Amino acid sequence: MLRKFGRQGVWIMNRETLWKIITLVELAAAAVVIVLDLLIPTLVILGMMAASLLLRREPIRVLGFKRPPSWPRLIGLSFAGAVGLQLLDVGVTLPILNRLTGTTIDYSGFAHLQGNLGQLVLLLVVSWTLAALGEEMVYRGYLQKLLTQLVGPSLPGVLITVGISSLLFGIAHTEQGLIGVVVTTLDALFFSWLKLKMDGNLWAAVLAHGFYNSVGVIIFFFTGPIYGLW
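Just add 200 to the spot in the sequence shown (first one is 1) and you have our numbering.
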């Protein structure tokens, strides 16, 4: 961990250990931002991510951005996965959680969306920028990269990385109540699985997240909130 140099016995830290400490500090800082809901956490952590990449002299592609063998296949699978996840949430997850907790997911943040075309357009833009691209860069990109550097790429390491990053993603959605935290945590597990299934390609998670949010927002615009199918 430490190396001794010169007659004076000056001790300096091993480079690998130093980077692990920096990584741990970055993770802790990001977790604090998320748990305390400081400002807009996604934007704050994107700033931290940019500083980290500059410090490490790493390109943004280390987050998982890569050209897939087939864009149509990636887009199609991401869309199908997003629609399937929406159906699973409203058909199974939400109804079960409603009955277990005696409450429903909090959609008050979308109170003015139904029938409001301006709100629909705004939320679709936000869905693909701050949510899909921004959140995926933070949670499935930056945070998973840091966690992997700490726990390694083995199966136990992957499970820890996916579990912690997904839990933090859920905590970032506390405005939707307890059910919202649980659902978004489970959604994050799916986005992580899809990314891994697509050879670690972050674009898969970005697209699935964007499609998932878009489907939900469009349905809400026409029908209002859906708390479950039964």
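All residues carry an ideal CB built from backbone N, CA and C; glycine is no exception.
All values reported here derive from a predicted model rather than from experimental measurement.
Determine the extent of the alpha helix (DSSP H) in which residue 275 is found, giving its start and end residues. 271-288
Three-state secondary structure assigned by DSSP to residue 344: helix
Looking only at C-alpha atoms, which of 392, 270, 421 and 373 sits nearest to residue 359? 392
Taking the straight line between their C-alpha atoms, what separation do you get for residue 301 and residue 219? 43 Å
Can you tell me the Cβ-Cβ gap for residue 421 and residue 313, rounded? I've got them flagged as a contact below 8 Å. 6 Å
Helix, strand or coil for residue 229, going by three-state DSSP, please let me know. helix
Short of 7 Å in beta carbon distance, which residues of its chain neighbour residue 371, apart from the five on each side in sequence? Order them along the chain. 234, 235 and 381
So, using beta-carbon positions, are residue 413 and residue 343 closer together than 9 Å? no
Contact under 9 Å by Cβ, residue 398 with residue 277: yes
Could you spell out the range, first to last residue, of the alpha helix (DSSP H) harbouring residue 409? 402-423
Roughly how many angstroms separate the alpha carbons of residue 257 and residue 364, rounded to a whole number? 26 Å
Helix, strand or coil, according to DSSP, for residue 234 in the structure here? helix
Residues in the same chain with beta-carbon distance under 7 Å from residue 226, minus the five sequence neighbours each way, listed in chain order, please. 248, 252 and 346
Buried/exposed call for residue 214, threshold 16 Cβ in 10 Å: exposed
Quick check for students: name the residue ranges of the alpha helix (DSSP H) that lie wholly in the segment 299-384, counting only runs of 4 or more. 317-326, 344-351 and 355-371
Do you know offhand how far residue 410's Cα is from residue 293's? 20 Å
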